[in-house]
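Colleague: Residue numbers (my numbering): 159 to 359. Let me give you the structure first, and then I'll get to my questions.
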Ligand code: GAR
């Protein structure tokens, strides 16, 4: 059975979506850690309710970004997961950490990559005027939101949408897409060829 660790900075609804699928037996995995840079994140409450060990690395308590990054990597190595899931982890990983777990770290992003990388992806999509947006689950590499794409779910963008309405619509799809990708990983159905992800039937 695969061991999964989550990194989250906030509400943790994507984390919860995977917890629910593990709890109902859809995903055969053990969630071994929630790692957070924000001890007050609601994701921490979700972890506690589900007996998931919490590793809080309070970003504010470090003198430098480098010290924080070193501690984060130490904790990630200590928990020793098969899969690391960035689920609303809102800090850019440093190059070293980003490259440390090739093929074993995934991220969910609220846009159809490679469009609208980085923060406020839904706002970027509204401002650009796209008619279709969505979410992407991808492997993490040294770039920002640039790793091989595992799967994408699309949603329409309507004339009277604002970023909040769009974010809500995308979030519903995230809650489907992330558990789907985690399940594929746990069943060893994902392989990477160059930057293309092959999914076994
Ligand atoms: C989600 O929309 C996720 O895609 C986004 O943050 C939200 C976290 O929600 N992540 C990013 O924008 C990363 N660049 P959640 O805490 O309820 O899962």
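Even for Gly, the Cβ is constructed at its ideal location relative to N, Cα and C.
(1) Report the start-end ranges of each alpha helix (DSSP H) in the segment 218-256 that is 4 residues or longer and not cut off at the edges.
(2) Following the continuous alpha helix (DSSP H) through residue 327, name the residue where it begins and the one where it ends.
(3) Straight-line CA distance for residue 232 to residue 196?
(4) Please indicate yes or no: does the CB of residue 324 lie closer than 7 Å to some heavy atom of ligand 1?
(5) According to DSSP, what are the bridge partners of residue 310?
(6) Looking at the secondary structure, which residues open and close the alpha helix (DSSP H) in which residue 203 lies?
(7) Going by the beta-carbon positions, is the gap between residue 302 and residue 261 smaller than 8 Å?
(8) With contact counted as at least three CB pairs below 8 Å, one residue from each stretch, are the segment 327-337 and the segment 286-301 in contact?
(9) Just checking my contact of residue 205 with residue 192 at CB under 8 Å: how many whole Å lie between their CB atoms?
(10) Comparing the CB of residue 263 with every heavy atom of ligand 1, is any distance shorter than 7 Å?
(11) According to DSSP, residue 212 sits in a beta bridge with which residue or residues?
(12) Could you tell me whether any non-hydrogen atom of ligand 1 is closer than 7 Å to the CB of residue 172?
(13) With hydrogens ignored, establish whether the beta-carbon of residue 246 is closer than 7 Å to any heavy atom of ligand 1.
(14) Between the segment 264-284 and the segment 199-215, can you find at least three pairs of beta-carbon atoms closer than 8 Å?
(15) Note down the Cα distance separating residue 179 from residue 185, rounded to an integer number of angstroms.
(16) Using only the heavy atoms of ligand 3, determine whether one of them is closer than 7 Å to the beta carbon of residue 192.
(17) Suppose contacts are defined by Cβ-Cβ distances below 8 Å. Is residue 287 in contact with residue 170 by that definition?
(18) Is DSSP giving residue 273 helix, strand or coil here?
(19) Tell me whether the beta-carbon of residue 306 lies closer than 8 Å to the beta-carbon of residue 355.
Modeller: Result, derived from the coordinates:
(1) If we require 4 residues or more, the alpha helix (DSSP H) runs fully inside the segment 218-256 come out as 223-237 and 253-256.
(2) Its alpha helix (DSSP H) spans residues 321-344.
(3) Cα-Cα distance, rounded: 17 Å.
(4) Ligand 1 has no heavy atom closer than 7 Å to the beta-carbon of residue 324.
(5) Residue 310 is bridged to 294.
(6) Residue 203: member of the alpha helix (DSSP H) spanning 200-207, first to last residue.
(7) No; because the gap between Cβ atoms is not below 8 Å, this pair is not in contact.
(8) For the pair of segments examined, the segment 327-337 was found to touch the segment 286-301: the number of CB pairs separated by less than 8 Å reaches three.
(9) Rounded, the Cβ-Cβ distance is 4 Å, consistent with contact.
(10) Within 7 Å of the C-beta of residue 263 there is not a single heavy atom belonging to ligand 1.
(11) Residue 212 is bridged to 192.
(12) Taken from the Cβ of residue 172, at least one heavy atom of ligand 1 lies inside 7 Å.
(13) Because some heavy atom of ligand 1 lies under 7 Å away, the Cβ of residue 246 counts as near it: yes.
(14) The segment 199-215, when compared against the segment 264-284, does not touch it at the 8 Å Cβ threshold.
(15) About 6 Å.
(16) Of the ligands one can find in the structure shown, namely ligand 1, none is ligand 3.
(17) No, Cβ-Cβ distance for residue 287 and residue 170 is not below 8 Å.
(18) Three-state DSSP puts residue 273 in coil, outside helix and strand.
(19) Yes.
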